[in-house]
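J.:
Protein chains: 2
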Amino acid sequence: MHNLILGYGSAVTDDLVLRRQVCFALYAASRALTDVYRPILDEFGLTYPQYLVLLVLWERPDDAPTVSELGAELRLDSGTLSPLLKRLEGAGLVVRRRSARDERRVEVGLTEQGRALRQQVDEVPLQIARATGLGITELVALRDTLTRVTDTIHRQKEQ
Amino acid sequence: MHNLILGYGSAVTDDLVLRRQVCFALYAASRALTDVYRPILDEFGLTYPQYLVLLVLWERPDDAPTVSELGAELRLDSGTLSPLLKRLEGAGLVVRRRSARDERRVEVGLTEQGRALRQQVDEVPLQIARATGLGITELVALRDTLTRVTDTIHRQKEQ
DNA sequence: CAAAATTAAGTTGTGCACAACTTATCGGGC
DNA sequence: GCCCGATAAGTTGTGCACAACTTAATTTTG
Numbered sequence: 011m012h013n014l015i016l017g018y019g020s021a022v023t024d025d026l027v028l029r030r031q032v033c034f035a036l037y038a039a040s041r042a043l044t045d046v047y048r049p050i051l052d053e054f055g056l057t058y059p060q061y062l063v064l065l066v067l068w069e070r071p072d073d074a075p076t077v078s079e080l081g082a083e084l085r086l087d088s089g090t091l092s093p094l095l096k097r098l099e100g101a102g103l104v105v106r107r108r109s110a111r112d113e114r115r116v117e118v119g120l121t122e123q124g125r126a127l128r129q130q131v132d133e134v135p136l137q138i139a140r141a142t143g144l145g146i147t148e149l150v151a152l153r154d155t156l157t158r159v160t161d162t163i164h165r166q167k168e169q
Numbered sequence: 011m012h013n014l015i016l017g018y019g020s021a022v023t024d025d026l027v028l029r030r031q032v033c034f035a036l037y038a039a040s041r042a043l044t045d046v047y048r049p050i051l052d053e054f055g056l057t058y059p060q061y062l063v064l065l066v067l068w069e070r071p072d073d074a075p076t077v078s079e080l081g082a083e084l085r086l087d088s089g090t091l092s093p094l095l096k097r098l099e100g101a102g103l104v105v106r107r108r109s110a111r112d113e114r115r116v117e118v119g120l121t122e123q124g125r126a127l128r129q130q131v132d133e134v135p136l137q138i139a140r141a142t143g144l145g146i147t148e149l150v151a152l153r154d155t156l157t158r159v160t161d162t163i164h165r166q167k168e169q
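Chains as they are written, first to last, in our numbering: chain A, 11 to 169; chain B, 11 to 169.
Set out below in structure tokens:
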């Protein structure tokens, strides 16, 4: 009884059992939380990834980051962001404009409407945190563990 | 200094800051781990969700669960599973057959090839666990916390 | 037993993710 | 000033996820 997750590499062990795998737990929890977000964000006409983009923009309202800078924050590439930003622009929440000094870059800025939305979604993090059933201490610990895992993986990738 | 995550619900607080949100940490970690899986599973011609389906089938090789039973394990609906299973069948790893006693049901069974694949992916969980940089104790704790969150959310949903 | 409600799987449409590719612009070296 | 490699954003194609719907079989109920 202790090849949990790491196991000793035999096909007759339990390593390949779904419920034992931390990756499935992560995958399932991520989708479950997105399920909690969906009806809440739906009232604002947003998807979760769109909400994430707005979070970045709200952090620096006078900045108008480029598509690449947004991608670096969220770890998403232009293949994901380009159509997503087009939809946010269609909804009147952001504007995209070519940079004057570098015509390759596209700067993404908030519209008045996009800026105003911030106040309306103010209660969202609280609602989500409640749904997890965890206390603040556990949430912070979970967040930090997950961030450490993500950073470890990304650091390995760069080398 | 302590509206971390839960916060006190004001727009001028830090609740809406990306890096503070446990949900983003979860979303980012889930995608990062899938990134680790991708090149590994690619050698077997599998995606991560396809691998998850096989995990369920390998757990009970003589069972041939229905599409719904698979969906209950993985929390995926037929809209996701139907085309996925069609691809697994096209790859020669599973077979789908209408149940004799209930023509609505479709039973999903492993082919010889699908059964044989189990031995080949035996080392995968170990490789993944190593990539996280966490020890066994931390991995088990993380898994259990995440499972608790997922169960909490699903229990709330049913009521 | 027949109509109505339920259940199972599949289909359609939308929106991510991501790989691979294209197009346009930029910067450095000659 | 021109070529060349690098960079930025966008496009195309594939595969999830999931809502909403369709079709077919089964169960419930009057």
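We put the beta carbon where it would ideally sit given N, CA and C, even for glycine.
Quick one: what's Glu117(A) bridged to in DSSP?
T.: Residue mapping note: residue 117(A) aligns to position 107 of the first sequence, counting from 1. Glu117(A) is bridged to Thr76(A) and Arg107(A).
J.: For the segment 135-150 of chain A, which residues have a CB atom closer than 8 angstroms to at least one CB atom of chain B, in sequence order?
T.: Result list: Pro135, Leu136, Ile138, Ala139, Ala141, Thr142, Gly143, Leu144, Ile146, Glu148, Leu149 and Val150.
J.: At the 8 angstroms Cβ level, is Ala74(B) part of the contact set with chain A, yes or no?
T.: Working through the second sequence from its first residue, we reach residue 74(B) at position 64. False, the Cβ-Cβ gap to chain A never drops below 8 angstroms.
J.: Report the residues of the segment 149-163 of chain A with a CB closer than 9 angstroms to any CB of chain B, ordered along the chain.
T.: For the segment 149-163 of chain A, which is checked against every Cβ of chain B, the residues closer than 9 angstroms are Leu149, Val150, Ala151, Leu152, Arg153, Asp154, Thr155, Leu156, Thr157, Arg158, Val159, Thr160, Asp161, Thr162 and Ile163.
J.: Buried or exposed for Thr147(A), please, with buried defined as at least 16 other CB atoms from any protein chain shown within 10 angstroms of its CB.
T.: By 1-based counting over the first sequence, the position of residue 147(A) is 137. Looking at its Cβ environment, which holds fewer than 16 other Cβ atoms inside 10 Å, Thr147(A) is exposed.
J.: Out of Thr90(B), Ser78(B), Val134(B) and Leu84(B), point me to the one whose CA is closest to Arg114(B)'s CA.
T.: On the second sequence, residue 114(B) is found 104 positions in, with the first residue counted as 1. Ranking the options by Cα distance to Arg114(B), first place goes to Ser78(B).
J.: Can you have a look at Ala126(B) and say buried or exposed, based on whether 16 or more other CB atoms are within 10 angstroms of its CB?
T.: Along the second sequence, one-based indexing puts residue 126(B) at 116. Under this definition Ala126(B) is an exposed residue.
J.: According to DSSP, is Glu99(A) helix, strand or coil?
T.: Numbered from 1 along the first sequence, position 89 holds the residue referred to as residue 99(A). It is helical.
J.: Check for me: the alpha helix (DSSP H) holding Phe34(A) runs from which residue to which?
T.: Mapped onto the first sequence, residue 34(A) falls at position 24. Segment Val32 to Asp52, the alpha helix (DSSP H) holding Phe34(A).
J.: Tell me whether Asp161(A) sits in a helix, a strand or coil according to DSSP, three-state version.
T.: Position 151 of the first sequence holds residue 161(A). Correct three-state label for Asp161(A): helix.
J.: Give the straight-line distance between the Cα atoms of Tyr37(A) and His164(B), rounded to the nearest whole angstrom.
T.: Translated into positions along the first sequence, residue 37(A) becomes position 27. Translated into positions along the second sequence, residue 164(B) becomes position 154. Taking the straight line joining both Cα atoms gives about 14 angstroms.
J.: Quick check on the burial criterion: 16 or more other C-beta atoms within 10 angstroms. Buried or exposed for Ala82(A)?
T.: Position 72 of the first sequence holds residue 82(A). Per the 10 Å Cβ criterion, exposed.
J.: Indicate whether the contact test is met: 3 or more Cβ pairs, each with one atom in the segment 56-64 of chain B and one in the segment 92-102 of chain B, closer than 8 angstroms.
T.: Yes: at least three Cβ pairs fall under 8 angstroms.
J.: At the level of alpha carbons, what is the spacing between Asp73(B) and Ala42(A)?
T.: As a first step, residue 73(B) is located in the second sequence; it is residue number 63 there, counting from the start. As a first step, residue 42(A) is located in the first sequence; it is residue number 32 there, counting from the start. Approximately 28 angstroms between the Cα atoms of the pair.
J.: Please identify, using Cβ separations under 8 angstroms, the residues of the segment 36-66 of chain B that lie next to chain A, in order along the chain.
T.: For the segment 36-66 of chain B, which is checked against every Cβ of chain A, the residues closer than 8 angstroms are Leu36, Tyr37, Ala38, Ala39, Ser40, Arg41, Ala42, Leu43, Thr44, Asp45, Val46, Tyr47, Tyr58, Leu62, Leu65 and Val66.
J.: For Glu83(A), would you say it is in contact with chain B, using Cβ-to-Cβ distances shorter than 8 angstroms as the test?
T.: Position 73 of the first sequence, counted from the start, is the residue given in the question as residue 83(A). Answer yes: the Cβ-Cβ gap between Glu83(A) and chain B drops below 8 angstroms somewhere.
J.: Determine the direct distance from the alpha carbon of Glu168(A) to that of Gly143(B), and round the result to whole angstroms.
T.: Counting from one through the second sequence, the residue named residue 143(B) turns up at place 133. Counting from one through the first sequence, the residue named residue 168(A) turns up at place 158. C-alpha separation (whole angstroms): 15 angstroms.
J.: Quick check: Thr76(B) and Val116(B), are their CB atoms within less than 8 angstroms of each other?
T.: Here residue 76(B) refers to the residue found at position 66 of the second sequence. Here residue 116(B) refers to the residue found at position 106 of the second sequence. Their beta carbons are under 8 angstroms apart, which means Thr76(B) touches Val116(B) by this criterion.
J.: Enumerate in chain order the residues of its own chain whose CB-to-CB distance from Thr157(A) is below 8 angstroms, with the five nearest sequence positions on each side excluded.
T.: Residue mapping note: residue 157(A) aligns to position 147 of the first sequence, counting from 1. Taken in chain order, the list of residues that qualify is empty.
J.: From Leu86(B) to Leu80(B), what does the alpha carbon distance come to, in whole angstroms?
T.: What you label residue 86(B) is simply residue 76 of the second sequence in a count that begins at 1. What you label residue 80(B) is simply residue 70 of the second sequence in a count that begins at 1. Going from the Cα of Leu86(B) to the Cα of Leu80(B) covers about 8 angstroms.
J.: Please check the pair Ala35(B) and Arg153(A), which I expect to be a contact at CB under 8 angstroms, by giving their CB distance rounded to whole angstroms.
T.: The residue given as residue 35(B) occupies position 25 in the second sequence. The residue given as residue 153(A) occupies position 143 in the first sequence. Indeed, because the Cβ distance is near 5 angstroms, the residues count as touching under 8 angstroms.
J.: Candidates Tyr47(B), Pro71(B), Thr44(B) and Arg48(B): which alpha carbon is nearest Gln123(B)'s?
T.: Locating residue 123(B) in the second sequence gives position 113, where the first residue counts as 1. That would be Pro71(B), whose Cα lies nearest to the Cα of Gln123(B).
J.: Count the other CB atoms within 10 Å of the CB of Ala110(A); is the residue buried (16 or more) or exposed (fewer)?
T.: Working through the first sequence from its first residue, we reach residue 110(A) at position 100. Under this definition Ala110(A) is an exposed residue.
J.: Measuring CA to CA, which of Asp45(B), Glu69(B) and Pro49(B) is closest to Gln129(B)?
T.: Position 119 of the second sequence holds residue 129(B). Comparing Cα positions, the closest option is Glu69(B).
J.: Roughly how many angstroms separate the alpha carbons of Val7(B) and Val131(A), rounded to a whole number?
T.: Missing from the structure shown is residue 7(B); chain B here goes from 11 to 169 and no further.
J.: Less than 7 angstroms between C-beta atoms, sequence neighbours within five positions excluded: which residues of the same chain meet that for Val3(B)?
T.: The question about residue 3(B) has no answer here: the residues shown for chain B are numbered 11 through 169.
J.: Going along the chain, which residues of the segment 99-128 of chain A sit with their C-beta nearer than 9 angstroms to a C-beta in chain B?
T.: Here the close residues are Arg128.
J.: Grouping DSSP H, G and I as helix and E and B as strand, with all else coil, what is Pro71(A)?
T.: In the first sequence, counting from the first residue as 1, residue 71(A) sits at position 61. In this structure, Pro71(A) counts as coil in the three-state DSSP scheme.
J.: Looking only at C-alpha atoms, which of Ser92(B), Leu84(B), Ala39(B) and Val134(B) sits nearest to Val159(A)?
T.: Here residue 159(A) corresponds to residue number 149 of the first sequence, with the count starting at 1. For the residues Ser92(B), Leu84(B), Ala39(B) and Val134(B), the minimum Cα distance to Val159(A) belongs to Ala39(B).
J.: Leu136(B): which of Arg29(B), Val27(B) and Ile50(B) sits nearest, CA to CA?
T.: Against the second sequence, residue 136(B) aligns to sequence position 126. Among Arg29(B), Val27(B) and Ile50(B), the Cα nearest to that of Leu136(B) belongs to Ile50(B).
J.: Quick check on the burial criterion: 16 or more other C-beta atoms within 10 angstroms. Buried or exposed for Asp25(B)?
T.: For the purposes of this step, residue 25(B) is taken as the residue at position 15 of the second sequence. Buried.
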